[in-house]
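Chemist: Take 13 as the starting number for the sequence shown in this note's numbering and just add one per residue.
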Amino acid sequence: MKICLITPAPPGSHLGNRHTALRWAAMLRQHGHQVELRVTWDDQPADLMLALHARRSADSIARFHAAQPHAPLIVALTGTDIYRDIQFDAAAQRSLTLATRIIVLQDQGLNELAPALRAKTYVVYQSAATQARRARLKRAFEVCVIGHLRPEKDPFRAVEALRLLSSNSRIRIRQLGQALDANMAAQAQHWMQSEPRYRWLGDRPHGAVMRQLARAPLMVISSYMEGGANVICEAVAVGTPVIASAIPGNLGMPGMDYAGYYPPGDTAALATLLDRAERDPAWLAQLAAQCAARRPLFLPRAEAAALLRVIEAAPTLLKEIHYENQLMDTGTERTDTAGAGG
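1. Who are the near neighbours of Arg-307 in its chain, counting only those whose CB is closer than 7 angstroms to its CB and skipping five residues on each side?
2. Look at the alpha carbon of Ala-226 and the alpha carbon of Gly-251, and state the distance between them as a whole number of angstroms.
3. Would you mind stating whether Leu-129 and Ile-115 have Cβ atoms separated by less than 9 angstroms?
4. Using the rule of at least 16 other Cβ atoms within 10 Å of the residue's Cβ for burial, across every protein chain shown, is Arg-68 buried or exposed?
5. Mind listing, in chain order, the continuous alpha helix (DSSP H) runs of no fewer than 4 residues lying wholly within the region 104-175?
6. Counting Cβ pairs closer than 8 angstroms, one from the region 97-113 and one from the region 139-157, do we hit at least three?
7. When you compare the CB positions of Cys-245 and Tyr-137, do they come within less than 9 angstroms of one another, or not?
8. Measuring CB to CB, does Leu-11 end up less than 9 angstroms from Ala-111?
9. Helix, strand or coil for Ala-33 per DSSP?
10. Alpha carbon to alpha carbon, what distance is there between Tyr-236 and Trp-212?
11. With respect to the beta strand (DSSP E) encompassing Ser-257, which residues constitute its N-terminal and C-terminal limits?
12. Nearest-angstrom Cα distance between Gln-201 and Gln-190?
13. Taking only three categories from DSSP, how would you classify Arg-96?
14. Are at least three pairs of beta-carbons, each pair with one atom in the region 273-286 and one in the region 172-184, less than 8 angstroms apart?
15. Please name the residue, chosen from Ala-301, Arg-30 and Arg-50, that lies closest to Thr-90 on a Cα-to-Cα basis.
16. At what residues does the alpha helix (DSSP H) containing Ala-197 begin and finish?
17. Once DSSP output is grouped into helix, strand and coil, what is the label at Glu-238?
18. Let's test the definition: count the other Cβ atoms within 10 Å of the Cβ of His-43 and tell me whether it reaches 16, buried, or not, exposed.
19. Using a 10 Å radius around the Cβ and a threshold of 16 neighbouring Cβ atoms, would you call Pro-57 buried or exposed?
20. Are the Cβ atoms of Ile-98 and Ala-63 separated by less than 9 angstroms?
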C-alpha cells in the first residue's frame with residue numbers, strides 16, 4: 013500500500029515522535045509498503061494514513077478523511093494525547109472518532125478509552141535492538157536520566173532525591189537530553205552548580221546515549237506523563253533496570269507487578285528506592301530480572317508484527333464499517349457474524 017505517515021515532529025527533531033515515525037516507516041518499507049513521511053498531509057492520495065498524535069495531527073486527519081473517506085485512517089496516541097488531550101480537546105476527540113484503527117503504546121492505555129474506541133484499538137509496544145552491556149564504573153553508582161527537559165518529564169526529580177541521600181552515597185546522576193526552553197536549561201545549570209554529584213550532559217547522539225545507558229547500573233524515568241516511553245525499551249535492551257514513576261504510561265511497560273515504582277513527584281520515595289538500589293544487590297537483581305522478562309514485548313520483530321497487524325487489518329475493517337453503514341441506510345438487518353477484532 014501507499015501509506016502517508018504523519019508526525020508533527022519535523023525532520024531533524026530528536027523528539028520521540030520523530031524516532032517512532034522513522035522506525036515505523038523503515039519497518040513498513042521492509043515489508044513492501046511505500047511510505048511517505050510528512051509533518052502535515054500534502055493532499056497527495058494514499059491508500060492509508062497513519063498519523064501520530066490525535067491533537068497535533070488533527071488537521072491532516074480531518075482533511076484526509078474528507079478527501080478520502082473510504083481510505084483507512086489509523087491514529088497512534090502519544091502520552092500527551094491519551095493522558096491529557098483526548099479528555100477535553102475537541103480536535104483530538106474528533107481524530108479518534110474518524111479513526112478506522114487506534115494505536116496505543118502500552119496496555120494500560122486501553123483503560124483511558126471509551127468502550128467503543130477500545131474495540132478498535134491495538135497495542136503496539138515500541139522496541140529497541142538488543143545491545144551489549146558495558147562495564148560499569150567502579151568509582152561510582154552512576155544513574156542515568158534520559159529524556160528532553162520539559163515539565164511533563166519532571167526532569168529534576170532524581171537530582172532532588174540525590175540531595176536526600178547520605179554524603180557517603182556513591183550515587184551520581186547523569187542526565188542526557190535537550191532543554192526545550194531556556195528556563196529548563198537554567199535549572200539544569202543551577203543544579204550542576206549546587207550539587208556536585210549531578211551532571212547534565214545535554215543533547216547527545218543516540219549512540220552516545222546508549223553507551224551511557226549500557227554502563228549504568230540503573231535508569232530513572234520520573235515523568236508525570238508518558239504514552240509508552242521508548243527509553244524503557246532501550247534500558248531493557250541493554251540490561252539496565254529502571255526506577256519509574258507510577259503513572260499509567262509507565263505501569264504498562266515493566267508491568268503492574270514491577271518492584272521499582274514510586275509515587276510521581278514524591279522525592280523522598282524516589283530517594284528511598286535509589287538508596288536501596290545502591291545498597292541491596294539482590295533487589296537490584298530482582299528489578300533486572302523483571303525487566304528481562306518483559307524483553308520479548310520490546311523486540312523490533314514484535315513491534316513490526318504488531319504494527320503490520322494493524323495496517324493490514326485496517327482495509328478489511330473499513331469494508332465492514334461501510335457495509336454496516338449501508339445496512340443502516342437501507343434498514344436491512346445483517347444476518348452473518350463477521351466482524352473486526354479489537
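Cβ coordinates follow ideal geometry from the N, Cα and C atoms, glycine included. Remember, it's a predicted structure, so these values are computed and weren't measured experimentally.
Modeler: In short:
1. Val-248
2. 7 angstroms
3. no
4. buried
5. 127-130 and 169-174
6. no
7. Yes, they are a contact pair.
8. Absent from the model: residue 11. The displayed extent of the chain is 13 to 354, so no value can be given.
9. Here DSSP, grouped into helix, strand and coil, assigns Ala-33 to helix.
10. 20 angstroms
11. 254-257
12. 13 angstroms
13. In the structure shown, Arg-96 sits in a helix (DSSP, three-state: H, G or I).
14. Yes, the region 273-286 is in contact with the region 172-184.
15. Arg-30
16. That run of the alpha helix (DSSP H) goes 194-206.
17. coil
18. exposed
19. exposed
20. no
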